[in-house]
Ligand code: TRP
Ligand code: SF4
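Residue numbers (the working numbering): 376 to 706.
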């Protein structure tokens with residue numbers, strides 16, 4: 376099969392679901408910040424995707440979107456380097472999604488693992504909607520409309536990127552080569568456990584958010600679950616079974632980790648002292664982010680300005696792709 380061309384365009388998005396936390400920072404944002412210097416990048420707020428599950432109670436989406444953009448700017452996403460925009464500001468995504476809906480069989484979408492999983496997990500809502508079924512198809516439109524060929528995402532999103540490739544292939548075969556076949560860029564160390572040891576998520580109430588004050592960060596991490604074998608100071612443990620130590624793995628030097636690991640296994644160090652070393656590094660990283668965010672909040676217009684500029688730049692690209700699509704599809 377013909378290898379599709381490499382475009383060197385990066386795209387990723389996040390649903391606005393509230394404040395960003397350490398999981399987002401380590402699982403995605405630090406990588407996005409690096410990618411900005413290497414590639415042409417598009418980063419967007421997936422507010423239509425949020426509606427697919429929040430349609431009955433959409434009140435929080437707008438505020439979450441604002442807050443997310445502030446967090447993005449605070450961690451170093453730079454509108455001078457990347458196009459930062461909101462999905463609903465670029466109606467071309469919806470048009471491409473409609474065109475794709477003409478050519479994509481329904482079973483392709485029913486087969487995507489997140490479809491049934493999410494319906495089961497969010498069993499209180501009616502997710503038998505067209506919009507929810509089309510979630511990954513909209514995502515394919517988000518990616519392909521910018522001709523992006525690399526998509527930095529977590530592992531859970533890989534089936535969506537795979538579907539995107541299949542959509543691109545089918546379109547290209549029917550109408551002629553237009554779209555690249557994008558690949559997911561999965562970064563290592565993406566998993567950050569929350570304070571209770573489960574995946575960090577706002578909905579679990581176990582998250583440490585980026586704008587949280589230092590005392591609260593300290594207190595949450597000081598209470599974070601550890602190896603359950605360490606009931607008493609004299610009980611040895613194993614860092615391999617300690618959720619807190621996943622943060623040590625990200626934030627501590629090799630030497631620090633070796634020493635603390637030894638202390639854990641020989642019960643010569645208490646959990647709090649062990650965590651203190653890690654907490655100091657987390658606070659050190661979060662402090663400038665918190666300060667930048669506080670600074671940005673003094674001029675809240677900045678969010679609107681960034682999104683307006685991003686919209687114009689995104690629409691230029693999306694508009695020209697759509698012109699090609701209409702032409703190829705005979706419209
Ligand atoms: N589905 C993604 C998530 O839940 C969000 C998303 C929407 C996305 N469109 C995208 C991610 C396009 C990457 C590319 O995180
Ligand atoms: Fe975890 Fe450190 Fe406690 Fe061991 S000593 S269980 S690694 S916090």
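No residue lacks a Cβ here, since even glycine has one placed at the ideal position from N, Cα and C. Computed from a predicted model, the values in this text were never measured in an experiment.
Notebook entry, point to check: Roughly how many whole angstroms lie between the Cα atoms of residue 692 and residue 517?
Noted result: 12 Å
Check: Cβ of residue 608 within 7 Å of any heavy atom in ligand 2?
Finding: Not so, every heavy atom of ligand 2 lies at least 7 Å from the Cβ.
Next item on the list: Specify the secondary structure class of residue 646 as computed by DSSP and reduced to three states.
Entry: helix
Item checked: Inter-residue Cα distance where the pair is residue 355 and residue 659 -> Since the displayed the chain opens at 376 and closes at 706, residue 355 lies outside it and no answer follows.
Next item on the list: Could you tell me which residues DSSP pairs with residue 461 in its beta bridges?
Entry: Within the DSSP secondary-structure output, residue 461 pairs in a beta bridge with 420.
Next item on the list: Taking only runs that begin and end inside the segment 476-550, name each unbroken beta strand (DSSP E) of 3 or more residues, in chain order.
Entry: 525-527
Next item on the list: If I'm right that residue 461 touches residue 420 with Cβ under 8 Å, what's the distance once you round it to whole angstroms?
Entry: Contact holds; Cβ gap of about 4 Å.
Checklist line | N-terminal and C-terminal residue of the alpha helix (DSSP H) that residue 582 is part of | finding: Membership of residue 582 in any alpha helix (DSSP H) is not indicated, and neither H nor E is assigned to it by DSSP.
Item checked: Nearest to residue 653 (by Cα), restricted to the options 597, 684 and 481 -> 597
Notebook entry, point to check: Using a threshold of 7 Å, is the CB atom of residue 635 nearer than that to any non-hydrogen atom of ligand 2?
Noted result: Correct: residue 635 has its Cβ closer than 7 Å to ligand 2.
Next item on the list: Tell me whether residue 509 counts as near ligand 1, meaning its Cβ is closer than 7 Å to at least one heavy atom of that ligand.
Entry: no
Next item on the list: Would you kindly check if the distance between the Cβ of residue 388 and the Cβ of residue 414 is under 8 Å?
Entry: no
Note to self: I need the DSSP call for residue 614, collapsed to helix, strand or coil.
What the structure shows: Here residue 614 carries a helix assignment [DSSP, helix/strand/coil].
Check: Checking contacts by CB at 8 Å: is residue 557 closer than that to chain B?
Finding: Absent from the structure is chain B; it holds one protein chain and no more.
Next item on the list: With DSSP collapsed to three states, give me the class of residue 700.
Entry: helix
Margin query: Could you compute how far the alpha carbon of residue 454 sits from the alpha carbon of residue 611?
Written below: 49 Å
Checklist line | Reference residue 351; option with closest CA among 536, 582, 430 and 635 | finding: Lying outside 376 to 706, the shown extent of the chain, residue 351 is not represented and no answer is given.
Next item on the list: Determine the direct distance from the alpha carbon of residue 613 to that of residue 642, and round the result to whole angstroms.
Entry: 10 Å
Check: Leaving out the 5 sequence neighbours to the left and right, which residues in its chain are closer than 6 Å to residue 621 when beta-carbon positions are compared?
Finding: 568
Notebook entry, point to check: Could you give the C-beta distance for residue 473 and residue 443, rounded to a whole number, given that I count them as a contact under 8 Å?
Noted result: Their Cβ separation, rounded to whole angstroms, is 27 Å, which puts residue 473 and residue 443 out of contact at 8 Å.
Note to self: Closer than 7 Å to a non-hydrogen atom of ligand 1 - does that hold for the CB of residue 390?
What the structure shows: yes
Next item on the list: Determine which residues share a DSSP beta bridge with residue 558 and list them.
Entry: For residue 558, DSSP records a beta bridge to 525.
Note to self: For residue 377 and residue 542, what's the separation of their Cα atoms in angstroms?
What the structure shows: For residue 377, the predicted structure reports a pLDDT of 48, less than 50, and the residue's modelled location is therefore unreliable. A value from the coordinates is still provided. Cα-Cα distance, rounded: 16 Å.
Margin query: Taking the alpha carbon of residue 677 as the reference point, which residue from 445, 422, 625 and 412 has its own alpha carbon closest?
Written below: 445
Next item on the list: Measuring alpha carbon to alpha carbon, tell me which of 479, 401, 397 and 426 ends up nearest residue 504.
Entry: 426
Notebook entry, point to check: Sorted by chain position, which residues of the same chain lie with C-beta nearer than 8 Å to residue 452's C-beta, five sequence neighbours on each side aside?
Noted result: 404, 407, 408, 411, 418 and 459
Item checked: residue 388 - containing beta strand (DSSP E), residue span -> 384-389
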